[in-house]
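Quick note on numbering: the sequence shown equals residues 1474 to 1554 in my numbering. Note that the Cβ used here is the ideal one computed from N, Cα and C, for glycine as well.
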Amino acid sequence: MSDVRHVLVLPDRDAAEEVAGELADRFGLAEEPQLVRDALAGEDDAEDAQWLVVVEDPAGRLDPAALDAFAEEYEGWLEKP
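Here it is, written out as structure tokens:
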């Protein structure tokens, strides 16, 4: 089984940081998720950046539907592979 990577898209840094912290607790992650700032194409204004929370799932044991529902609690979503 190849490594699985889930990417959650959040509206701002605060939401992303909160999600990253909660994910480890709620889903029992071995590694802290990675936060990545994703500036929207053509936008220079930092306010228009989305934040990505990248979750490594080497065992492929996380449920994408559960991750998507969790991200929705923070006005985000799970990026489809």
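- If you compare the alpha carbons of Asp1536, His1479 and Lys1553 with that of glutamine 1507, the shortest gap goes to His1479.
- Apart from the 5 residues on each side of it in sequence, proline 1484 sits with its Cβ closer than 6 Å to the Cβ of Glu1548 in its chain, given in chain order.
- In the assembly as shown, valine 1526 is a buried residue. Its beta-carbon has 16 or more other beta-carbons within 10 Å.
- In terms of Cβ geometry, leucine 1535 and leucine 1551 do not form a close pair [threshold 7 Å].
- Around the beta carbon of alanine 1544, 16 or more other beta carbons lie within 10 angstroms, which makes this residue buried.
- Note: aspartate 1511 is bridge-paired with Gln1523 in the DSSP secondary-structure output.
- With contacts defined by Cβ atoms closer than 7 Å, valine 1477 and aspartate 1530 form a contacting pair.
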